[in-house]
Amino acid sequence: MNPKGKVPTLIVDGRVLTENVAILLWLAARFPEANLLPQYQDAFGKAQLVADLAYCASGLHPIVTRLRIPQYFCDIPGGEHRVFEMAEVAMRPNFALIDRRLAEHEWWYGDCWSVMDAYINWVWFRVTGAGFDGSEYPHFAHHDERIKQRPSVQRALRRNSHAAELLNAQGLAVKFSGQDAVRAPTT
Ligand SMILES: N[C@@H](CCC(=O)N[C@@H](CS)C(=O)NCC(=O)O)C(=O)O
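Heads up: the sequence shown begins at 82 in the working numbering, then just goes up one per residue.
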């Protein structure tokens, strides 16, 4: 469905929408009652939302990929360990930035949950699940605990498990790239 061969992909009335930033902005605009993002009216506020989502997609996401599948980035035997270590170094200032922000507020935008919280939480569980040590970032860790208590997240996780079971039953076992991680998960 996605000519670029990536997930996520959203089909809207038969039309294909790709790229996390575009999909999240479209969902927030299409379903304003869901309050997926703050509803700024001014141009600067709207640009700030794009900046935040672009930070996740182009700043954080590529480092997540290096931590999850370092073997994609270096085919020298054993090179994946060094790719992982350098990605760890690259990720730490970003985790520090997020941790500082979450020290002051419950959610990325203050008192209201938004898809930014979902996106940074995806970063958290993907990289701690690959062996990145998150223990220096207690506010980010607490954010993960709060996210997991959300009924919508629990519903999504149940749907995810159910989908994995269906695929397994059809012999289409879900193989997560993290199975090849160079380090054991920390969470
Ligand atoms: N720029 C794309 C990146 C999407 C992306 O990298 N998705 C990963 C999964 S998190 C993927 O499809 N990886 C499969 C691959 O690269 O083969 C976006 O923001 O949607």
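Glycine included, each C-beta is placed from N, C-alpha and C at the ideal position.
Indicate, with yes or no, if ligand 1 has a heavy atom lying under 7 Å from the CB of residue i.
i: residue 88; result: yes
i: residue 116; result: no
i: residue 100; result: yes
i: residue 209; result: no
i: residue 132; result: no
i: residue 142; result: yes
i: residue 199; result: no
i: residue 245; result: no
i: residue 109; result: no
i: residue 267; result: no
i: residue 138; result: yes
Taking its Cβ as the centre, do 16 or more other Cβ atoms sit within 10 Å of residue i, making it buried, or is it exposed?
i: residue 207; result: buried
i: residue 266; result: exposed
i: residue 218; result: buried
i: residue 169; result: buried
i: residue 248; result: exposed
i: residue 105; result: buried
i: residue 232; result: exposed
i: residue 84; result: exposed
i: residue 240; result: exposed
i: residue 204; result: buried
Going by DSSP, what residues sit across from residue i in a beta bridge?
i: residue 189; result: For residue 189, which the question treats as bridged, DSSP gives no partner whatsoever.
i: residue 236; result: Partner(s): none; residue 236 has no beta bridge.
i: residue 92; result: 97
Determine, for residue i, whether the minimum Cβ-Cβ distance to residues of chain C falls below 8 Å.
i: residue 237; result: Here there is only one protein chain, and chain C is not present.
Give me, in chain order, the residues of the same chain whose beta-carbon lies closer than 7 Å to that of residue i; leave out the 5 immediate sequence neighbours on both sides.
i: residue 154; result: 147, 164
- Message: Using 8 Å as the cut-off, can you tell me whether the segment 100–112 makes contact with the segment 143–162, which would need three or more C-beta pairs spanning the two stretches below that distance?
- Response: no
- Item | Three CB pairs or more closer than 8 Å across the segment 197–216 and the segment 157–177 | yes
- Task: Pair every Cβ in the segment 216–225 with every Cβ in the segment 125–144, then say whether three or more of these pairs are closer than 8 Å.
- Result: no
- Taking one C-beta from the segment 112–120 and one from the segment 176–186 each time, how about it: are there three or more such pairs within less than 8 Å? no
- Taking three-plus beta-carbon pairs below 8 Å as touching, is the segment 191–203 in contact with the segment 125–141? yes
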